[in-house]
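In my numbering, the protein residues as written are -4 to 164.
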């Protein structure tokens, strides 16, 4: 039996999830638009005016890394990762459920460990003052973005795993 407070709590979680999904989607859109704009301007400037955009290569690298990191939690929340169904041949419902639990725990653990390691690496980059070669953009910012994204993806993996377990797959 669910109580009114359980219903309110799940409503708040759903609202936070929708807001986070919208914000991450908007951020992906902004980064992708910046990538397209940068590429167009660089190509036109390079071939028409013989004056390429300074640092376009670095910006493209950073924007692509950002796009991948921003899209990771969205992909996880939607359950759209590439999967290999090793348990399809099993007839036992119990073994399939055990496999689902193991896959969920593994995904959450791997994402959490990567988030932690990326955070440590970003801190090291910040202490050392590491920057990109030509534009001198601080590299730790991308590390922190990656750590945050993997952390959010880890939380999303918890919700996805619970949903999948309840569904029985």
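By construction, the Cβ of each residue, glycine as well, lies at the ideal position given by its N, Cα and C atoms.
| Query | Result |
| --- | --- |
| Going by other Cβ atoms of all chains shown within 10 Å of its Cβ, with 16 needed for buried, is residue 76 buried or exposed? | exposed |
| List, from N- to C-terminal side, the alpha helix (DSSP H) runs of 4 residues or more that fit wholly inside the region 49 to 118. | 51 to 73 |
| Which value, in whole angstroms, describes the spacing of the CA atoms of residue 37 and residue 102? | 39 Å |
| Three or more C-beta pairs under 8 Å: does that hold for the region 102 to 116 against the region 32 to 51? | no |
| What separation, rounded to the nearest whole angstrom, lies between the Cα atoms of residue 209 and residue 123? | With the chain covering -4 to 164 only, the question about residue 209 has no answer from this structure. |
| Would you decide whether residue 71 is buried or exposed? Buried here means 16 or more other CB atoms lie within 10 Å of its CB. | buried |
| Check whether the Cβ atoms of residue 23 and residue 65 lie closer than 8 Å to each other. | yes |
| Note down, in chain order, each residue of its chain lying with its Cβ closer than 8 Å to the Cβ of residue 27, except the 5 sequence neighbours on either side. | 62 |
| Using 10 angstroms around the beta-carbon of residue 19, count the other beta-carbons present and answer buried if the total reaches 16, otherwise exposed. | buried |
| Enumerate in chain order the residues of its own chain whose CB-to-CB distance from residue 160 is below 8 Å, with the five nearest sequence positions on each side excluded. | 92, 95, 96, 99 |
| Please check the pair residue 74 and residue 155, which I expect to be a contact at CB under 8 Å, by giving their CB distance rounded to whole angstroms. | 5 Å |
| Got a sec? Which residues, its chain only, sit under 6 Å from residue -4 by beta carbon, not counting five neighbours each side? | With a pLDDT of only 48 at residue -4, under the threshold of 50, the placement of this residue in the model should not be trusted, and no figure is reported. |
| Rounded to whole angstroms, what's the CA-CA distance from residue 134 to residue 153? Just pull it up for me. | 29 Å |
| Using only the alpha-carbon positions, how far apart do residue 141 and residue 119 sit? | 14 Å |
| Whole angstroms are fine: how far does the CA of residue 30 sit from the CA of residue 55? | 7 Å |
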